[in-house]
Each structure stands twice: as structure tokens, then as C-alpha cells.
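According to numbering that gives the first Met the number 0, the sequence shown is numbered sequentially starting from 0.
Notes to accompany the following structure.
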Amino acid sequence: MEHKIELHCHCREVSHCADADTALVAKKYLEAGYSTIVLTNHFNWDTMRGWGDETYEAFVTRYVQAAEKLRECLGDKITVLLGMEIRFSSNWNDYLVYGMTPEFLHAHPDMLDMDLGSFRQLVNENGMLLFQAHPFRFGMTTTNPNYLDGIESHNGHPHHNSNNDIAEAWATKYNLLRSAGSDYHHERDVPTSGVISSHPITTQEELLSLLRSGDFKIIE
């Protein structure tokens, strides 16, 4: 049996660039036949300040509650896992983090002030995985592959040219892990990408194992 896994998804309860709320996200992914959604809302100072959240803890609460709300919308129909699309102050690059937990977020209020190298070490210490999102989209900066576990070799956002062919070539050249996702944001769009697994992904541990193995088919 095949299981469709979304690895890049946003909702408007956190991500300002999204206009689809969790109820609509649930509806779209049920219609599209997905088994698991990794909710990777934006996590950066601009997003936090845009909501007027006065403390890091308030933003983390908002962030975690969005995933909980999506779980409530879906019940046991689709598994929802917490992820992250983080951006630091040094440039416009975005990084997808897999294996995320609320406990990790609460325990590291200084991570948005880190540089990529320091954050990479933190990710390693906590057994998570770090991928650069849409690394060859206009405005992105090439990242030292030693700081990455992988890259998003296929980004399915219909309103951006992510130069996926270059991302795939880069993954091959530097022997990086691959991920793929719809980068879903908008009411008018439908989720179209992600990966297909031969077995269900219901926990963070299963997700990390799948990504490390590469034993999946990318949905293009």
C-alpha cells in the first residue's frame, strides 16, 4: 500500500504568507489522499513580530497550537507531525527541520539568534534533520553542504520557480538527503507534491528513518 507524505505545508494561523486556514488544509489533504502532513510553518523574527507576540514563548504557543488545531480537524484520518521552516537574520534562506517537538521549541529560546553552523550542531545533538528549502529559488544563497543533512530537491509551489532540476543535481553532487513538498499556502491551490512511502508514517521517529533511508518516491 502506498502512503502520501507531505513534507512542506503552511497555514494562516502562523504563516502570514498563507491564506488557507487549518480547516481548509484538512479538507484539501483529505481530498488529495495524503496519509501524513508535516506542518512546517515559518519560524522567524518577522513572523513572530508580525503577530505582535511580545515574547518568544507566546509565539511558540501559537506555533504549536496550529498543529494541534490541524490534528483536531483531521482526527485519525491523517497523521499531523510538527515541523519547521526556520530563517535566520543573515539572509533569506529557509531551512526545513524534521523531528521537531514542542519541548525542543520551549527549551531553546535563543535559536533564532544563532547562525546556521550553531543551529546545525543543535539539530544534530537532538537527533533531528536539517534540509535547505527550495535552495535555488531566486533570492536564496548557496549553503555549505556540510551544514546540511539534505535539500528539498523538489518544491511544488505553483507560483515560484524553484529550479528543482538544479536542486536535484546539487543533492547528487554532494550526496545529500532529499525531501519534497507542495509548499502549500493558498486557498486556490491543491497539494501536489511530497513523497510516497510503502509504509505509514505516524511518528517523528518513523519520519526521520524514512528521510535517512531515502526509501521513498518523490511526487513531482
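We put the CB at the ideal spot given by N, CA and C, even for glycine.
Because the structure is a prediction, the values reported are computed rather than measured.
- Secondary structure note for Val59: its alpha helix (DSSP H) is the uninterrupted segment Tyr55 to Leu73.
- The secondary-structure analysis by DSSP pairs Cys8 across a beta bridge with Leu38 and Tyr183.
- DSSP places His133 outside both helix and strand once states are collapsed to three, so it counts as coil.
- In this structure, the CA atom of Gly155 is about 25 Å from the CA atom of Glu204.
- By the CB criterion at 8 Å, Ile200 and His2 fall inside the cutoff.
- Scanning Val59, Asp20 and Asn90 for the CA closest to the CA of Phe137 turns up Asn90.
- Under the 10 Å beta carbon count, Lys27 is surrounded by 16 or more other beta carbons and is classified as buried.
- In its chain, beyond the 5 residues on either side, no residue has a beta carbon closer than 6 Å to the beta carbon of Thr60.
- In the three-state reduction of the DSSP assignment, Val189 falls in the coil class, being assigned neither a helical nor a strand state.
- When only Cα atoms are considered, His153 and Pro134 end up about 10 Å apart.
- Its chain contains Cys10, Arg11 and Glu12 as the residues whose beta carbon lies nearer than 8 Å to that of Asp20, once the 5 sequence neighbours on both sides are disregarded; these appear in chain order.
- Around the CB of Tyr33, 16 or more other CB atoms lie within 10 Å, so the residue is classed as buried.
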